[in-house]
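Heads up: the structure comes next, in structure tokens.
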Amino acid sequence: MSNKTFDEITTHLQTYGFVYQGSEIYGGLANSWDYGPLGTLFKNHLKDLWLKHFVRDIEYNVQIDPAIIMNPKVWEATGHVSNFHDPLVDCKYCHSRYRADDLIKQQFSDVDTDKMDVDDLNEFMKSHQVTCPNCGKSSFTDIRQFQMMFKTFLGVTEEKSSTVYLRPETAQGIFINFKNVMRTTRRKLPIGICDIGKSFRNEITPGNFTFRTREFEQMEIEFFFKPGEDEKWFEFYKENCKSFVEKLGLKDENIRFRDHEKEELAFYSKATTDIEYLFPTLGWGELMGIASRTNYDLSRHMEFSKQDLTYLDPETNERYVPHVVEPSFGLDRLMLALFCDSYENEILDDGKDSRVIMHLNKRLAPYTCAILPLSNKLNDDAKKVFKMLTEEFDCIFDTTGSIGKRYRREDAIGTPFCITFDFDSLNDNKVTIRDRDSMKQERVEIKELVNYIKANLD
Ligand code: GAP
Numbered sequence: 087m088s089n090k091t092f093d094e095i096t097t098h099l100q101t102y103g104f105v106y107q108g109s110e111i112y113g114g115l116a117n118s119w120d121y122g123p124l125g126t127l128f129k130n131h132l133k134d135l136w137l138k139h140f141v142r143d144i145e146y147n148v149q150i151d152p153a154i155i156m157n158p159k160v161w162e163a164t165g166h167v168s169n170f171h172d173p174l175v176d177c178k179y180c181h182s183r184y185r186a187d188d189l190i191k192q193q194f195s196d197v198d199t200d201k202m203d204v205d206d207l208n209e210f211m212k213s214h215q216v217t218c219p220n221c222g223k224s225s226f227t228d229i230r231q232f233q234m235m236f237k238t239f240l241g242v243t244e245e246k247s248s249t250v251y252l253r254p255e256t257a258q259g260i261f262i263n264f265k266n267v268m269r270t271t272r273r274k275l276p277i278g279i280c281d282i283g284k285s286f287r288n289e290i291t292p293g294n295f296t297f298r299t300r301e302f303e304q305m306e307i308e309f310f311f312k313p314g315e316d317e318k319w320f321e322f323y324k325e326n327c328k329s330f331v332e333k334l335g336l337k338d339e340n341i342r343f344r345d346h347e348k349e350e351l352a353f354y355s356k357a358t359t360d361i362e363y364l365f366p367t368l369g370w371g372e373l374m375g376i377a378s379r380t381n382y383d384l385s386r387h388m389e390f391s392k393q394d395l396t397y398l399d400p401e402t403n404e405r406y407v408p409h410v411v412e413p414s415f416g417l418d419r420l421m422l423a424l425f426c427d428s429y430e431n432e433i434l435d436d437g438k439d440s441r442v443i444m445h446l447n448k449r450l451a452p453y454t455c456a457i458l459p460l461s462n463k464l465n466d467d468a469k470k471v472f473k474m475l476t477e478e479f480d481c482i483f484d485t486t487g488s489i490g491k492r493y494r495r496e497d498a499i500g501t502p503f504c505i506t507f508d509f510d511s512l513n514d515n516k517v518t519i520r521d522r523d524s525m526k527q528e529r530v531e532i533k534e535l536v537n538y539i540k541a542n543l544d
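Note that the working numbering has the sequence shown beginning at 87, numbered continuously upward.
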């Protein structure tokens, strides 16, 4: 692992405007974060790349955009109303609040809490010396199950019958639209329905910057197919997700696949694999999961909605409930991993100098090019170059400070190409392009700039 720390990186992200503390002028709101101009551009580029990889390039796939607030019966059908709980305990001495499974995992690293139910956790807490990280005492309340869905009310009356939930995952908006999509697109199976959007979970222990928050974005696919093809499509998406993280440029040594063991799987699930990332300081953390979910979700929605969600196979004339493979990415976690992976405090000139640089994937970097006139007298002419390039790329026009300082600032935010417009540019119609990673400079004709950048993006 490199010597960069998680704190150093998150400080950098806040200093440069990738991420801001949420509600900062009111003293903030715990574990809430806003993306600034750089973070927002980066996020848009990452979504675009995901859409290209998983929707445009896979002939079977389409994208939808379902509502965040759905009929509450959706969450009864999925089991979220009864089962989407975290096991909460309070220290009887200092009243600090924890997730019981987290406490056990931290203090007994060989214990696999994913295989334990509430009774097992309660029993473990009592029979082992689990201590409060805050006061060191070993006396906790019994576990209470804490509902993680955010509740609100539809309309003017705040009563039980008007209770609705903010969705805790985007996936269910896809399942409940399966029939609509099949009817209106007139497609056959297999079909992948994709969605990017916000999800909400009232996490008891949010933290580690944007790693675990109560409001976050997911990029999910439900891929529907004929029963029996489960393994084929599971492997297809495992490979596809692997090629996606490779395409993003995450370093091989910081990525691992973790197959869930049989005891970890829900009774209906055939297989689940997570992709994990080795975060500086924090260690391995889940970025996304690929789950083979059989026909569980559609069957539950059929039962609760009393609608027919079966599919009539035009080739075999068979009627069945399609099976599903679900690749589910956390957008914010993926962003955080990419920030951590690309951040470097680079030593230059045998230790005489250094620079902070983000070696971001060039297609994801907030700005593809920075246009830097060497003197304010050149601003008007340089702006013409800026205008030409903004037709194709996200660009920044910066006139403040020495050229060296401007280069350093662009390195720090990951801009792959710095384009300097100097007095010679007025005569030879050429500009100097500086490559972020190698710092090599090249003189390029202005009329060739767009082609040059496109050719050097990958
Ligand atoms: N539909 C399946 C599903 O939601 P999940 O493992 O609960 O599965 C998928 O969530 C991904 O969403 C996770 O791998 C993670 O990247 C992201 N995620 C989940 N909870 C999160 C949270 N509280 N904050 C940030 N990202 C979260």
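Built from N, CA and C at the ideal position, the CB exists for glycine as well. Quick caveat, the model's predicted, so the values are computed rather than measured.
Quiz item: How about the segment 361-377 and the segment 96-105: do they share at least three Cβ pairs that are nearer than 8 angstroms?
Solution: Counting Cβ pairs under 8 angstroms, fewer than three are found: no touch.
Quiz prompt | Residue nearest to E315 in terms of C-alpha spacing, selected from R529, V411 and D418 | solution = The candidate whose alpha carbon is nearest that of E315 is V411.
Quiz item: Under the DSSP definition of a beta bridge, which residues are partnered with S378?
Solution: In the DSSP assignment, S378 forms a beta bridge with A357 and V411.
Quiz item: Going by C-alpha distance, which of E289, C280 and L252 is nearest I150?
Solution: It is C280.
Quiz item: Does the Cβ of D206 lie closer than 7 angstroms to at least one heavy atom of the ligand GAP?
Solution: No - the ligand GAP has no heavy atom lying nearer than 7 angstroms to the Cβ of D206.
Quiz item: Should D418 be counted as a contact of the ligand GAP given a C-beta to heavy atom distance under 7 angstroms?
Solution: For D418, the CB falls within less than 7 angstroms of some heavy atom of the ligand GAP.
Practice problem: Pick helix, strand or coil for Q527, following the three-state DSSP scheme. | Solution: Residue state, collapsed to three classes: strand.
Quiz item: Less than 7 angstroms between the CB of F310 and some heavy atom of the ligand GAP, yes or no?
Solution: No, the ligand GAP has no heavy atom inside 7 angstroms of this Cβ.
Quiz item: Does DSSP put D196 in a helix, in a strand, or in coil?
Solution: It is coil, neither helix nor strand.
Quiz item: Taking the C-alpha atoms as reference points, what is the distance between S391 and K159?
Solution: Straight-line Cα distance between these residues: approximately 8 angstroms.
Exercise. Enumerate in chain order the residues of its own chain whose CB-to-CB distance from E306 is below 6 angstroms, with the five nearest sequence positions on each side excluded.
Key: In chain order, T256, A257, D281 and S414 place their CB closer than 6 angstroms to the CB of E306, counting only its own chain and leaving out the 5 sequence neighbours on each side.
Quiz prompt | Host beta strand (DSSP E) of I155 (start-end) | solution = Looking at the DSSP string, I155 is not in any beta strand (DSSP E), and its letter there is neither H nor E.
Practice problem: Compute every distance between the C-beta of S428 and the non-hydrogen atoms of the ligand GAP, then say whether any falls below 7 angstroms. | Solution: No, the Cβ of S428 stays beyond 7 angstroms of every heavy atom of the ligand GAP.
Quiz item: Per DSSP, which one or two residues make a beta bridge with K237?
Solution: Residue pairing by DSSP places K237 opposite Y251 in a beta bridge.
Quiz item: From K463, F509, S428 and K540, pick the residue whose C-alpha is nearest to that of E478; which is it?
Solution: Checking every option, the nearest Cα to that of E478 belongs to K540.
Quiz item: Smallest Cα separation from I499: which of V216, G125 and A116?
Solution: Proximity to I499 across V216, G125 and A116 peaks at G125, based on C-alpha coordinates.
Quiz item: Near A116, which residues of its chain fall below 8 angstroms by C-beta distance, leaving aside the five closest residues on each side in sequence?
Solution: These residues qualify, in order along the chain: P292.
Quiz item: Expressed to the nearest angstrom, what Euclidean distance is found between the alpha-carbon atoms of M87 and R386?
Solution: Low local confidence applies: a pLDDT of 46 at M87 is under 50, so the model's placement there is unreliable, and no value is given.
Quiz item: Hey, how far is the Cα of D200 from the Cα of S440?
Solution: Straight-line Cα distance between these residues: approximately 45 angstroms.
Quiz item: Do the segment 125-137 and the segment 451-463 touch if we need at least three Cβ pairs shorter than 8 angstroms?
Solution: Yes, since at least three Cβ pairs between the segment 125-137 and the segment 451-463 fall closer than 8 angstroms, the two stretches touch.
Quiz item: Between the segment 163-176 and the segment 184-199, are three or more C-beta pairs nearer than 8 angstroms?
Solution: Because the criterion of three Cβ pairs below 8 angstroms is met, the segment 163-176 and the segment 184-199 touch.
Exercise. Give the secondary structure of L422 by DSSP, where H, G and I count as helix, E and B as strand, and everything else as coil.
Key: Residue state, collapsed to three classes: helix.
Quiz item: With 16 other CB atoms within 10 Å as the buried threshold, where does Q304 fall?
Solution: The residue is buried, with at least 16 neighbouring Cβ atoms inside 10 Å.
Quiz item: Sorted by chain position, which residues of the same chain lie with C-beta nearer than 7 angstroms to G108's C-beta, five sequence neighbours on each side aside?
Solution: Excluding the 5 residues flanking it on each side, G108 has same chain C-beta neighbours closer than 7 angstroms at G114, L115, S118, W119 and D120, in chain order.
Quiz item: To the nearest angstrom, how far is it from the Cα of D206 to the Cα of S213?
Solution: For the pair D206 and S213, the Cα-to-Cα distance works out to about 10 angstroms.
Quiz item: Using the beta-carbon count (16 or more within 10 Å), is A352 buried or exposed?
Solution: Counting Cβ neighbours within 10 Å, A352 comes out exposed, since fewer than 16 surround it.
Exercise. Over the uninterrupted beta strand (DSSP E) stretch that includes A456, give me the two end residues.
Key: It spans C455 to P459 - the beta strand (DSSP E) in which A456 sits, taken as one unbroken run.
Quiz item: Is Q258 helix, strand or coil by DSSP?
Solution: Here Q258 sits in helix by DSSP.
Quiz item: With respect to the alpha helix (DSSP H) encompassing N147, which residues constitute its N-terminal and C-terminal limits?
Solution: Counting along the chain, N147 sits inside no alpha helix (DSSP H); it lies in the beta strand (DSSP E) bounded by residues N147 to Q149.
Quiz item: Three-state secondary structure (DSSP) at E389?
Solution: Residue state, collapsed to three classes: helix.
Quiz item: Can you tell me whether H409 is buried or exposed, with buried defined as 16 or more other CB within 10 angstroms of its CB?
Solution: Burial is judged here by how many other beta carbons sit within 10 angstroms of a residue's own beta carbon; H409 has at least 16 and is buried.
Practice problem: Go ahead and pull the three-state DSSP assignment for F92. | Solution: In the three-state DSSP reduction, F92 falls in the helix class (H, G or I).
Quiz item: With distances taken between CB atoms, is the gap from L252 to I376 smaller than 8 angstroms?
Solution: Not closer than 8 angstroms, so no.
Exercise. Take T396 and list the residues in its own chain whose beta-carbon comes closer than 7 angstroms to its own, dropping the five residues that flank it on each side.
Key: Here the set comprises R405, Y406 and V407.
Self-check item: Local conformation of K133 per DSSP, three classes
Solution: Residue state, collapsed to three classes: helix.
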